[in-house]
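One structure below.
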Amino acid sequence: MEVLWRNMVTQVIWWRWLGLLTVLLSLGGAMMDLVRFEDKPFDTSILVHGRTVSCNGSIPKGRFAGPTWTCADIKVDGLRLSYGFISYESGVGQSERHCDANTDNLTNDYAQLCREMMAVQKDVGREPFWSAFISDGSCGALPEKRMRFLKDRGRVWHVMDPGRGYVRTLQCMLYPNPNDGLH
C-alpha cells in the first residue's frame, strides 16, 4: 500500500510540475512577444544622394527583434536595385557567385542605403543602426537597367546594365532600446 501511495504522490508531483512548466513556457512566449516590434513602412518617396527611392508595395506585417522599417517594391528613379550574393563553402575556401554578385568588385551597400533612408524618415528613433536585409530578392533577369548604391566610391549611385538579380524588399532594423516604448 505504501508503494502505491508513493507512486500516486510521485505522479501528482510530476503532473503539477508538467503543468507549471507548460504555464511558464506559455508566459515565456508571451514575454518574448512583448519585446518584438512590428515593422513600419518607409515613406513612399525618399531622396537619397540626389536620387528618389520609392517604396510602393504593401508590406506583410512581421515582428522583429528591433524597430524595423520596410521598403517593399523598392525602386530608385524607377529602376530596381541590383541583387546578388556570394556563398562560401565552409572549409573549402571557394566561393560561388549568384545573380550579378560583385562581378566588377564594386560593393552594393545596403546597410548604408538603410542609414541614409532612415536619416530622412520622420518616425525613426535615436537607436543605433543594427541590420539591413533583403527579405525579397530575385535572381531573375530584368530587361531594364538596375541601380547600385556604392560605398567603394564614396556613397554614389551606379547604373548597371540589364541582367540577373534585383531587390523587391529591403528592411532596415535599429538596435532595440527597451526604454523607447515602441514594444
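Note that the working numbering numbers the sequence shown so that position 42 is 43, with each residue one more than the last. Just so you know, even glycine gets a beta-carbon here, dropped at the ideal spot from N, CA and C. Note that this is a predicted model, so its numbers are computed, not measured.
When you compare each of the options to residue i by their alpha carbons, which one comes out closest?
i, options, result
"G79", "G67, R52 and S139", "R52"
"Y167", "G138, R149 and A66", "G138"
"F65", "V160, Y84, M119 and S136", "S136"
"A112", "D44, L48 and M174", "M174"
"N186", "H50, D74 and L48", "What the structure shows of the chain is the stretch from 2 to 184, and residue 186 is not part of that stretch, so it cannot be assessed."
"D40", "H50, N109 and F134", "F134"
"A120", "F38, H50 and R37", "H50"
"D44", "Q122, M161, W131 and S132", "Q122"
Determine whether the beta carbon atoms of residue i and residue j lie at a separation below 9 Å.
i, j, result
"L171", "C100", "no"
"P68", "G126", "yes"
"R149", "L82", "yes"
Tell me whether residue i is buried or exposed, calling it buried when 16 or more other Cβ atoms sit within 10 Å of its Cβ.
i, result
"R176", "The sequence given here places Tyr at residue 176; Arg does not occur at that position. Exposed, because fewer than 16 other Cβ atoms sit within 10 Å of the Cβ of Y176."
"E117", "buried"
"E63", "The question names Glu, but residue 63 is Gly in the sequence shown. Counting Cβ neighbours within 10 Å, G63 comes out exposed, since fewer than 16 surround it."
"K76", "buried"
"P129", "exposed"
"G237", "Any answer about residue 237 is impossible in this case: the structure gives the chain only from 2 up to 184."
"D124", "exposed"
"L19", "Low local confidence applies: a pLDDT of 46 at L19 is under 50, so the model's placement there is unreliable, and no value is given."
Return the chain-ordered list of same chain residues with a C-beta closer than 7 Å to the C-beta of residue i, the five sequence neighbours on each side being excluded.
i, result
"A142", "G164 and R165"
"E145", "L80 and P163"
"S46", "T53 and S55"
"C140", "H99, C100, R165 and G166"
Could you have a look at residue i and say whether DSSP puts it in helix, strand or coil?
i, result
"Y84", "coil"
"E39", "strand"
"Y176", "coil"
"V121", "helix"
"A66", "coil"
"R154", "coil"
"R127", "coil"
Using C-beta distances below 8 Å, list every residue in its chain close to residue i, excluding the 5 sequence neighbours before and after it, in chain order.
i, result
"P42", "C56, I60, W70, T71, C72 and A73"
"F38", "R64, F65, A66, G67, P68, T69, P177, L183 and H184"
Output needed for residue i: all residues of its chain with C-beta closer than 6 Å, excluding positions within five of it in sequence on either side, in chain order.
i, result
"R169", "D137"
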